[in-house]
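One structure below.
Number of protein chains: 4
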Amino acid sequence: MSLPLFDRFLAPVDAAAPFDDIALIQAMFDFEAALARAQAAAGMIPAVSAGAIASVCKAELYDLDALAAASTRAGSLAIPLVKELTHTVSLYSAEASAVVHKGSTSQDVQDTAMALCTRRSLDALDAVLARLIASLLDLAEQHADTPMLARTLMQPAQVTSFGLKVLNWTAPLVRCRTRLRDAASRGLALQLGGAIGTQAGLGLHAGAVSRHMADALGLALPASPWHTQRDEWLRVAMEAGVLAGCLGKIGTDLALMAQVEVGELSEPAAPGRGGSSAMPHKRNPVGALVALAVAQRTPHRVAALLGAMGQQHERGLGTWQAELAEWPGLFIGVHASALALADVFAAPDVRPDRMRRNIDALHGLVFAEPAAALLAPALGKAGAHTLLEQLSGDAARDGHPLEGLMLAAVQADPALRKAVDAAAVKRVFDPQVALAAARRQFDERLPALRAA
Amino acid sequence: MSLPLFDRFLAPVDAAAPFDDIALIQAMFDFEAALARAQAAAGMIPAVSAGAIASVCKAELYDLDALAAASTRAGSLAIPLVKELTHTVSLYSAEASAVVHKGSTSQDVQDTAMALCTRRSLDALDAVLARLIASLLDLAEQHADTPMLARTLMQPAQVTSFGLKVLNWTAPLVRCRTRLRDAASRGLALQLGGAIGTQAGLGLHAGAVSRHMADALGLALPASPWHTQRDEWLRVAMEAGVLAGCLGKIGTDLALMAQVEVGELSEPAAPGRGGSSAMPHKRNPVGALVALAVAQRTPHRVAALLGAMGQQHERGLGTWQAELAEWPGLFIGVHASALALADVFAAPDVRPDRMRRNIDALHGLVFAEPAAALLAPALGKAGAHTLLEQLSGDAARDGHPLEGLMLAAVQADPALRKAVDAAAVKRVFDPQVALAAARRQFDERLPALRAA
Amino acid sequence: MSLPLFDRFLAPVDAAAPFDDIALIQAMFDFEAALARAQAAAGMIPAVSAGAIASVCKAELYDLDALAAASTRAGSLAIPLVKELTHTVSLYSAEASAVVHKGSTSQDVQDTAMALCTRRSLDALDAVLARLIASLLDLAEQHADTPMLARTLMQPAQVTSFGLKVLNWTAPLVRCRTRLRDAASRGLALQLGGAIGTQAGLGLHAGAVSRHMADALGLALPASPWHTQRDEWLRVAMEAGVLAGCLGKIGTDLALMAQVEVGELSEPAAPGRGGSSAMPHKRNPVGALVALAVAQRTPHRVAALLGAMGQQHERGLGTWQAELAEWPGLFIGVHASALALADVFAAPDVRPDRMRRNIDALHGLVFAEPAAALLAPALGKAGAHTLLEQLSGDAARDGHPLEGLMLAAVQADPALRKAVDAAAVKRVFDPQVALAAARRQFDERLPALRAA
Amino acid sequence: MSLPLFDRFLAPVDAAAPFDDIALIQAMFDFEAALARAQAAAGMIPAVSAGAIASVCKAELYDLDALAAASTRAGSLAIPLVKELTHTVSLYSAEASAVVHKGSTSQDVQDTAMALCTRRSLDALDAVLARLIASLLDLAEQHADTPMLARTLMQPAQVTSFGLKVLNWTAPLVRCRTRLRDAASRGLALQLGGAIGTQAGLGLHAGAVSRHMADALGLALPASPWHTQRDEWLRVAMEAGVLAGCLGKIGTDLALMAQVEVGELSEPAAPGRGGSSAMPHKRNPVGALVALAVAQRTPHRVAALLGAMGQQHERGLGTWQAELAEWPGLFIGVHASALALADVFAAPDVRPDRMRRNIDALHGLVFAEPAAALLAPALGKAGAHTLLEQLSGDAARDGHPLEGLMLAAVQADPALRKAVDAAAVKRVFDPQVALAAARRQFDERLPALRAA
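Protein chains in written order, with the working numbering: chain A, 1 to 452; chain B, 1 to 452; chain C, 1 to 452; chain D, 1 to 452.
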């Protein structure tokens, strides 16, 4: 694993592996093999040469540490790699060694390799997202009628359902999956421009070779080389950034709900997971931890990538190299975040009792608004509001349920008594009734999310 | 103009106006008017009430500074605005005043208003981009056969055409226009969720009211309220960020080419434009200045927006407010950048003579690679390379043209003399021949860009 | 107020005023007046000319909007300002008008003006911090013995005191005040370099004029002009960034403690402050809101400023202009954050009862670690730990106090009964006893903080 | 090397080594050893136990990959490390194993270890800076009288000396060294707070143990544990950020001067360094590349660290972990940047001839301002300016030297001929004369920089 210690702490092997040194270097060899084969297919080089080249395009044949060390000096990773590859091919065929890397340039190799690794990373991420979404939709359905507090500005507002809350978490993930695929289908593209992006070294074969390579490598065929035109490439990063934000939003809510004082939702308990031997009550929200840490770091990576877009002329100085170095961490991070939440929601510990208790603890105050609406026909909007304000103040101060205070007030006023039905008052204060609107929205939206 | 002094310095009025205080506040009133009309259309409130409300939804009727001052205290801008609106409506109709803002919440007003202002900003930006793209495509066509140095890592590499360079600048802008429109068509959406996003206050009319409002305001109808699900909204910002990067790339190249020592491309001269009274030779690249400054600032705004995605529960504390404050500057900036470059490329000062002189000053060294290829059949790849390396060293040291040195070397060696044609050598060193590959790419790509 | 609407919403007038358009432009005039006077004092220009210049260096004499509009075109704000000033002076004295702005350059004016405005902003901020620190130290002393839960990873850990928590909030603010003053004493410096930073236009008077101006304007005298050497200047911004982070940390804790389910600390109630007419229980933490929003935005401004440091050659293109535009918002933000928290802690609503209740609700589990330590001599470290783990599991599952379970276990085991004193068990579970360590630290640290 | 491939490409081994996995883990063991020894010295534990613990605090005894793998699951790196250490100690002494890590917490270990590694990184960086500064000061002295163009907004302005330009690069580095040391002397501090930062587990020995440890480890003794008060720690990062900016400014100028068309300064030529076998004229500025890439990335790391300051309560969730992961890259980057430039300036290729040629190519236009000043006494300020503007226009258009045009104009006008001395005109256009002001500043500032 070629990830620094404290990055590893946030990212499990599955998330980091697609960008591991060996994976990246193999992807560079995959480029060289595909280039040779495509040129053979186009008649540019003999098929036997292509075969000789491709047969040694295997990372395990080379000393990766030596390659990495040479790269610092050369100002490029592809230069030592191509040199070693050429040397190795020459051991078998001088003719083949003369056409290694033909018509290509360092950036072609490295950009394409990065696209290949990103492709694998996103494929794996997509599967994780599918799993997470499925868990969340199941969870949402189970709790479509579980009332809980909706909170605005971190204060209780009114009553919603846990099911709708979960649906709200899920919908962006469904969108992210689609948008990420779209962006990847355009942005993860073959790079093949040659020294200055004109494909001069490929002559009239440029089109055929490009198409063949893109097909073989499973990458998009770009409208043109994109050495210093990074927009489609960056859009893939932007989508990863948005996804990290969506996962971070879930992590935020999860961390807040998992507070012992709130206690509505906890991460699964498992041996060695977020525990503390000394404090058995402690179940640290380590899934939320990862989602939050990634959401914290990701915007800065996105900004670093955007900031590197001003790549000078036909190949950037400093900008492109900064971009390459920033790129993997972004995808490793968002992958780790999705994995962490998928683990959490594979077996979440939901506590409808605590959700209900948190509503009840507010003495009915969260129903003050519909309560006022109930009285408005009789008292006018302003009058109803004034009365409820006064009753709510009493309830908050003394801890009496607002429902009782309101019933008493209705009874005490003959006009109100006539106009307002006690059963209607009861309904106003019933959490199950209160979540009708949430249920309506839930039912309307679920099918589309299930279908996606 | 409600933009701080040094922001104004970077942004002309056209760019800032869509988000001016008055524009934002009018957009909030537009929301309230559209809400009332939609509720009337749905039969929720009397048409006459809707009329009464809509008739006073005009920013010029209110004291904007007082509204802004009250907002700090209230923790929301919509609260004082709705209060003032209700009061004003009540002067005409008590009944109508009772249904002002019905079923809606502060965030509904502010998010929708911001979407409306962004809509106007993007419409204007689209027109600027269209103008810039048209200028660039014309410029590209004029210079499809103008040879110039391609530069990698800020050093001369080989020969390309200025036309292809301009085409490379243009293609991302064409893509950005499309993608920005796509993102806006989804992300600039009506916000109408009510207190906690359940549309409880709209009851069964929620769907009809939402559709009516979205239509009337020219905004997308979202799958659901998006109080704390900001992904589609953020995607619009991401696209603006990518566009700023693409424009910044042009600004970078422009600033580099406009250096007096390079002198290949300058900004138009105009009275009072980037001049210096003391130094008449000075033509400061003020268009590039704006594009670069915006490209410098934009990634940080994008990051700030992404960083605010972790909005807690059903309405964020600090996060949403930070997002709102960061939002306009992003769009004002990218708009200003596009305007600045549109001005530059309305009348760019292109110097093909300097482009040619910069090629010639390299004594043919940029042709060393094809020159070696020409000799390779006779000398082998390695032998040809060694010879060219030696000749290039001589050329670089003594300032002799490599072409002459190579011709002499060919003449001096009987085998070479026989194998290598002098005319072929001449072609290798001809910049016009060298840009054949650039021309091929140019011809292939131009039609699609023209069509877009 | 020249701040966009949604920035104003986060920043009260006091925070924004030092960088208001009029303040910035007046500061530019202050530079010109000080320059003229210093040159007169040095004998470079006649005193009467200096007087004539200084007498019209008053922002209210000029059309600020026209100046701002001209700046976009000129690529500089100082150019139109100096032009207007020269014209105005010439109405009184042709001789004086010939020496306006003598030996200076646009960047001299704008950088110095920004330093002056920052000076005023920081002076005001310092007073706010003094007030906030005083409130916090008082609060800390009042609660030096108030037990509350310490929380790690957002889960209850052990018992600390609210006083120590407040002290922990305060200490960084005390440091920030000192460091900010230090950084400002070096970084808020006169800029006077002339066209290319060599002070060529001041000749041998350069030293004397610089000293005189720095004195008169209350700015540091820098070791040299700093047109493109921004390190000392940036350090002031870095400190503001750190302060925003320290205030944001307080805002985070405040928002968490103010959650109704936690209920340990609320913002002061005041008419129109963070309220909701419909929900009288709602007291939105609007102070925390501002501190959090600023903490969210500030890192990105700091990054933008750092990113602009690569200013080219002797004056930057795009970089310097981006820096100027980013600068004020950073200081306005941190100022607003400090003001918001100073308001909160002028009258915080502390609830020791809820702090205690939150401890008690954990059934003594937070004392499991010292409880195990008490049994370790008798059972060995491992044995004690195993027993406590088991008892804690029982307590967590059944809601029985761990203290009782442990007493029972001690009683049930003759060996333990002999070794462990019941009073000692009681002490282990006493929150007041538990905060002894917190108290020790509190007493050691308070004097230094009071003294600062 | 535990750095991802493309990070390694930017950072040589020297820069990355202080934060390598093995270094970090050894630093964690150093903490545990120092803790045990300090507790023995304070009489808290037997000296023999401390010895037993310290004797196995050697990273090479443990399976580092297993530790890293366990950390992801445990949500902490220290937990598996302490577990393994305790187990290993227990093989020798049960008594000693009972006091491993006594009174400490995971964050104590990890923060202190990071401080230790940062200490080593900064010591190495300081030596590199000393070397770079020495090279730059020598270079500056050699070129104190070498005239070159000063450039503002990337356009030629007037004449300065290369020596002063180099001095301007150097002064911030001298300041950075001092400030970085200051910040490190406070911010690289022992972390020893125990579970919740109260040092409860150390009882009355807390002070003695802390002092002893800080001394032994060569770290600052903080005023208090700083688990969630990161200001002093962050200030070290801020200084690294500022330094990266200062180095990036040099990289910017270097890259611009190394352009072939400018050709004033190139990086040293060395086999395998920034070369291109095909293009022998190509000497890629790989030192500038690194400095620019680091300057591009660093602001975002700084922002990520600032953004993580809002650490919740007594230990952060997500925030602290994000900070730890971001931290090393910042220091590795700035270290790599300093190394890259130290290499460049060990043997820079300075071309005074090209500097002079670039001045001469402007036909004297850069002297238009002093030329106008020379004529002003005779023609008035406005008249002189108008004449020069006209002459400059002619010079720019026709490529005639302004000096000749001015001499002709003086000769042609009897009044001017009388007032203006030809020798004075000559002096105005003499680059050596023009750099007098630069020389004055140079002489004033050099001694202090040499002394530092």
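We put the beta carbon where it would ideally sit given N, CA and C, even for glycine.
Quick caveat, the model's predicted, so the values are computed rather than measured.
Quick check on S71 of chain A - is its C-beta less than 8 Å from some C-beta in chain D?
Closer than 8 Å to the CB of S71 of chain A there is at least one CB belonging to chain D.
Which residue wins for smallest C-alpha separation from A308 of chain A, given the options B:L330, B:A340, B:L243?
In terms of CA proximity to A308 of chain A, B:L243 leads the group B:L330, B:A340, B:L243.
Give a yes or no on whether the C-beta atoms belonging to Q26 of chain D and A78 of chain D are separated by under 8 Å.
Not closer than 8 Å, so no.
For Q441 of chain B, would you say it is in contact with chain A, using Cβ-to-Cβ distances shorter than 8 Å as the test?
Interface criterion met: the Cβ of Q441 of chain B is under 8 Å from a Cβ in chain A.
Determine the chain C residues that contact G103 of chain B at a beta-carbon separation under 8 Å, and present them in chain order.
Those within 8 Å of G103 of chain B in chain C number zero; the least Cβ separation is about 12 Å.
Through-space distance from G203 of chain C to F442 of chain C, alpha-carbon basis
Roughly 59 Å separates the two Cα atoms.
Would you say A255 of chain C faces chain A, with C-beta separation under 8 Å as the test?
With 8 Å as the cut-off, A255 of chain C counts as an interface residue toward chain A.
Would you list, in chain order, the members of the segment 309 to 326 of chain C that have their beta-carbon closer than 8 Å to a beta-carbon of chain B?
Going along the segment 309 to 326 of chain C in chain order, one finds L317, G318, T319, Q321, A322, L324, A325, E326 with a Cβ nearer than 8 Å to chain B.
Please list, in chain order, all residues of the same chain as G399 of chain D whose beta carbon is under 7 Å from its beta carbon, the five residues on each side excluded.
Contacts found: H363.
Please state whether the Cβ-Cβ distance between A184 of chain C and L132 of chain C is less than 8 Å.
Contact: no.
Alpha carbon to alpha carbon, what distance is there between G207 of chain D and A50 of chain D?
Each residue's alpha carbon lies about 18 Å from the other.
So T386 of chain A is in the alpha helix (DSSP H); what residue range does that whole segment cover?
Counting along the chain, the alpha helix (DSSP H) containing T386 of chain A begins and ends at 368 to 398.
Distance between L190 of chain D and Y92 of chain D (C-alpha atoms, nearest Å)
Straight-line Cα distance between these residues: approximately 29 Å.
Report the rounded CA-to-CA distance for M148 of chain A versus Q158 of chain A, giving the unit in angstroms.
Those two C-alpha atoms are separated by around 9 Å.
Name, going along the chain, the residues of the segment 425 to 436 of chain D whose beta-carbon falls closer than 9 Å to a beta-carbon of chain C.
If you check each beta-carbon in the segment 425 to 436 of chain D against every beta-carbon of chain C, the ones closer than 9 Å belong to A434, L435, A436.
Selection from C:A378, C:F31, C:D138, C:Q296 that minimises the alpha carbon distance to A347 of chain C
Closest option to A347 of chain C, Cα to Cα, is C:D138.
Three-way DSSP call (helix, strand, coil) for V82 of chain D in this model:
Under the three-state reduction of DSSP output, V82 of chain D falls in the helix class.
Thinking just about the alpha-carbon of each residue, which of A:A269, A:A41, A:D430 is nearest to the one in I359 of chain A?
The candidate whose alpha carbon is nearest that of I359 of chain A is A:D430.
Measuring CB to CB, does A322 of chain A end up less than 8 Å from R297 of chain D?
Yes.
Euclidean distance between Cα positions of R439 of chain D and D21 of chain C
Those two C-alpha atoms are separated by around 38 Å.
Under 8 Å between C-beta atoms, does R119 of chain A make it to chain D?
Answer no: the Cβ-Cβ gap between R119 of chain A and chain D never drops below 8 Å.
Quick check on H87 of chain D: buried or exposed, where buried means 16 or more other Cβ atoms within 10 Å of its Cβ?
Residue burial is scored here from C-beta neighbours: H87 of chain D has fewer than 16 other C-beta atoms within 10 angstroms and is therefore classed as exposed.
Who are the neighbours of Q259 of chain A on chain C, taking C-beta pairs under 9 Å?
By Cβ distance, chain C contributes R151, M154, Q155, P156, L256, Q259, E261, V262.
Check distances from the C-beta atoms of the segment 191 to 210 of chain B to those of chain D and list, in chain order, the residues that come in under 8 Å.
Per Cβ criterion, the list is empty.
Please return the same chain residues whose Cβ sits closer than 6 Å to the Cβ of R230 of chain D, not counting the five positions on each side in sequence.
For R230 of chain D, where only same-chain residues beyond five positions count, the Cβ hits under 6 Å are M309.
Does S121 of chain D come out as helix, strand or coil in the three-state DSSP assignment?
In the three-state reduction of the DSSP assignment, S121 of chain D falls in the helix class.
Report yes if the C-beta distance between L10 of chain A and A396 of chain A is below 8 Å; otherwise report no.
A distance of 8 Å or more separates the beta carbons of L10 of chain A and A396 of chain A.
Starting from the N-terminal side, write out each stretch of the alpha helix (DSSP H) that is 4 residues or longer and does not extend beyond the segment 137 to 209 of chain A.
Those alpha helix (DSSP H) runs which fall completely within the segment 137 to 209 of chain A and span 4+ residues are 162 to 187.
What in chain C is Cβ-close to Q26 of chain B, meaning under 7 Å?
Under a criterion of Cβ atoms nearer than 7 Å, no residue of chain C is adjacent to Q26 of chain B; the nearest Cβ is some 12 Å distant.
For chain A, is any of its Cβ atoms less than 8 Å away from the one on L362 of chain C?
Put simply, the CB of L362 of chain C is near chain A, with a gap under 8 Å to one of its CB atoms.
Limits of the alpha helix (DSSP H) - the one that Q411 of chain A falls within
Note, Q411 of chain A: alpha helix (DSSP H), 402 to 412.
Can you name, in chain order, every residue of its own chain whose Cβ lies under 8 Å from the Cβ of L180 of chain B, other than the five neighbours on each side?
Closer than 8 Å at the Cβ level, and outside the excluded window around L180 of chain B, lie L122, L125, D126, V236, E239, A240, L243.
Apart from the five residues just before and just after V56 of chain D, which ones in its own chain have a Cβ nearer than 8 Å to its Cβ?
Its chain contains L85, T88, V89, Y92 as the residues whose beta carbon lies nearer than 8 Å to that of V56 of chain D, once the 5 sequence neighbours on both sides are disregarded; these appear in chain order.
Starting from D349 of chain B, follow its DSSP beta bridges and name the residues at the other end.
Per DSSP, the beta bridge partners of D349 of chain B are B:S266.
N-terminal and C-terminal residue of the alpha helix (DSSP H) that T298 of chain A is part of:
Counting along the chain, the alpha helix (DSSP H) containing T298 of chain A begins and ends at 286 to 307.
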